[in-house]
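S.K.:
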Amino acid sequence: MNPGPNSGLDALYPPIEPYETGMLLVGDGNRMYWEQSGNPDGKPVVFLHGGPGSGTSPWHRRFFDPERYRIVLLDQRGCGRSTPHVSDPDAELRYNTTWHLVADVDLLRRNLAIEKWQVFGGSWGSALALAYAQSHPDAVSELVLRGIFTLRRHELEWFYEGGAASLFPDLWEEFIAPIPVLERSRMIEAYHRRLSDPDPAVHVPAAVAWTRWEASTLTLLPDPELVASMTEASAATAFARIENHYFLHEGWFTEGQLIAGVGAIRHIPAVIVQGRYDVCTPIMTAWDLHRAWPEAELVVIPDASHSASEPGIAAALRAATDRFAG
Numbered sequence: 002m003n004p005g006p007n008s009g010l011d012a013l014y015p016p017i018e019p020y021e022t023g024m025l026l027v028g029d030g031n032r033m034y035w036e037q038s039g040n041p042d043g044k045p046v047v048f049l050h051g052g053p054g055s056g057t058s059p060w061h062r063r064f065f066d067p068e069r070y071r072i073v074l075l076d077q078r079g080c081g082r083s084t085p086h087v088s089d090p091d092a093e094l095r096y097n098t099t100w101h102l103v104a105d106v107d108l109l110r111r112n113l114a115i116e117k118w119q120v121f122g123g124s125w126g127s128a129l130a131l132a133y134a135q136s137h138p139d140a141v142s143e144l145v146l147r148g149i150f151t152l153r154r155h156e157l158e159w160f161y162e163g164g165a166a167s168l169f170p171d172l173w174e175e176f177i178a179p180i181p182v183l184e185r186s187r188m189i190e191a192y193h194r195r196l197s198d199p200d201p202a203v204h205v206p207a208a209v210a211w212t213r214w215e216a217s218t219l220t221l222l223p224d225p226e227l228v229a230s231m232t233e234a235s236a237a238t239a240f241a242r243i244e245n246h247y248f249l250h251e252g253w254f255t256e257g258q259l260i261a262g263v264g265a266i267r268h269i270p271a272v273i274v275q276g277r278y279d280v281c282t283p284i285m286t287a288w289d290l291h292r293a294w295p296e297a298e299l300v301v302i303p304d305a306s307h308s309a310s311e312p313g314i315a316a317a318l319r320a321a322t323d324r325f326a327g
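Residue numbers (our numbering): 2 to 327.
Here's what the structure looks like:
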């Protein structure tokens, strides 16, 4: 995911390179890519990317002061530089669930000999961050969350079953085009059938159409470069397959689990950054989370949608990490 020229990356720290990279054996035949950058003696922070299935990008290091943070990035199972990559028609998704990822994140923490770290996650990454923190509250020093998404049924139906079509009827028409009319009442299931087809002539166009719908609605103003980077065939296939797999299973959460479970983490300092006009993960979910967890600061960006690269969101995220840098 590479933001276009109108992004808010100027609000972030300058580009840096990792001082260490590795592949962690996490079980079930999976190897998870990880890297460290910034200050090896700095405050540990882990970046949990969205999707699921999008992977990390070099600009994700830039939310953190490299003089004060020990910055850990990882690519979740099946995407980015982790292997096997889910663009492979034979890739197995049976061992790719939220709870596998929670275990992977904590295995990495222990392998890096980190007692506590800040957890930073946006979009799907906010769901994973909440699931991780509620499972391992003693391992989390602070939470920085963006574009809150908890995979409740009405959140999924809003974006994938027709709600957001009210705002983007032209883009929705492109999204439903690959699906026969009689299957359009259950779009997530209809796409699942095509994305799990072993024939690239079936699953690749479906993956590109699925990913284009999301990429085209991430930002308040159109970002053609972002759409182009996300819809490259291999990346789009892993992204769409993993995302659809998670959404079909509603994240392996009980309905409302992540908001109901905030009692375990209310003592953890937290900032929630949310775009007012977020179409992918509407503000209703951030609001519900904040009501359940009033100790967490809610920062609403008045001129933004969903992407972490939008100027107001990027600036607010940097301000949060600066405050928590210690």
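We treat Cβ as the ideally placed atom computed from N, Cα and C, and that holds for glycine.
#1: Would you say Leu-94 and Leu-25 are within 8 Å of each other, going by their C-beta atoms?
#2: In chain order, what residues of the same chain lie with their CB nearer than 7 Å to the CB of Trp-159, ignoring the 5 residues before and after it?
#3: Less than 8 Å between the CB atoms is what I'm expecting for His-307 and Leu-299, so what's the real figure, rounded?
#4: Take Phe-248 and list the residues in its own chain whose beta-carbon comes closer than 8 Å to its own, dropping the five residues that flank it on each side.
#5: In chain order, which alpha helix (DSSP H) runs of at least 4 residues are fully inside the segment 133 to 211?
#6: Going by beta-carbon coordinates alone, are Leu-318 and Phe-64 separated by less than 8 Å?
#7: Are Leu-144 and Ala-130 touching if we call contact CB-CB under 8 Å?
#8: Going by other Cβ atoms of all chains shown within 10 Å of its Cβ, with 16 needed for buried, is Glu-215 buried or exposed?
#9: Can you tell me whether Gly-51 is buried or exposed? The criterion is at least 16 other CB atoms within 10 Å of its CB, across all chains shown.
#10: Going residue by residue through the segment 217 to 294, where are the continuous beta strand (DSSP E) segments of at least 3 residues, counting only ones entirely within it?
#11: Quick one, are the C-beta atoms of Val-274 and Ala-234 less than 8 Å apart?
#12: With DSSP run on the structure shown, which of helix, strand or coil describes Phe-65?
#13: For Pro-45, which residues does DSSP report across the bridge?
#14: Taking the beta strand (DSSP E) that Thr-22 falls in, what are its first and last residues?
#15: Starting from Phe-121, follow its DSSP beta bridges and name the residues at the other end.
#16: To the nearest angstrom, how far is it from the Cα of Ser-186 to the Cα of Gly-163?
#17: Based on the DSSP output, what are the partners of Thr-84 in its beta bridges?
#18: I need the straight-line Cα distance from Ala-92 to Val-203, nearest angstrom please.
M.R.: On the basis of the coordinates in this document:
#1: Not closer than 8 Å, so no.
#2: Apart from the 5 residues on each side of it in sequence, Trp-159 sits with its Cβ closer than 7 Å to the Cβ of Ala-165, Pro-283 in its chain, given in chain order.
#3: Wrong, their Cβ atoms sit about 16 Å apart, outside the cutoff.
#4: So the qualifying residues of the chain are Leu-152, Leu-157, Tyr-161, Ile-189.
#5: The DSSP assignment places complete alpha helix (DSSP H) segments of no fewer than 4 residues inside the segment 133 to 211 at 154 to 161, 170 to 177, 188 to 196, in order along the chain.
#6: The criterion of a C-beta distance shorter than 8 Å is satisfied by Leu-318 and Phe-64.
#7: Result yes, Cβ atoms of Leu-144 and Ala-130 sit closer than 8 Å.
#8: So Glu-215 ends up on the buried side.
#9: Label assigned to Gly-51: buried.
#10: If we require 3 residues or more, the beta strand (DSSP E) runs fully inside the segment 217 to 294 come out as 271 to 276.
#11: Taking 8 Å as the cut-off, the Cβ atoms of Val-274 and Ala-234 do not count as close.
#12: In this structure, Phe-65 counts as coil in the three-state DSSP scheme.
#13: Arg-71, per the DSSP bridge assignment.
#14: It spans 21 to 28 - the beta strand (DSSP E) in which Thr-22 sits, taken as one unbroken run.
#15: Phe-48, Val-145.
#16: Computed Cα separation, rounded: 9 Å.
#17: Arg-32, per the DSSP bridge assignment.
#18: Going by the C-alpha atoms only, they are around 16 Å apart.
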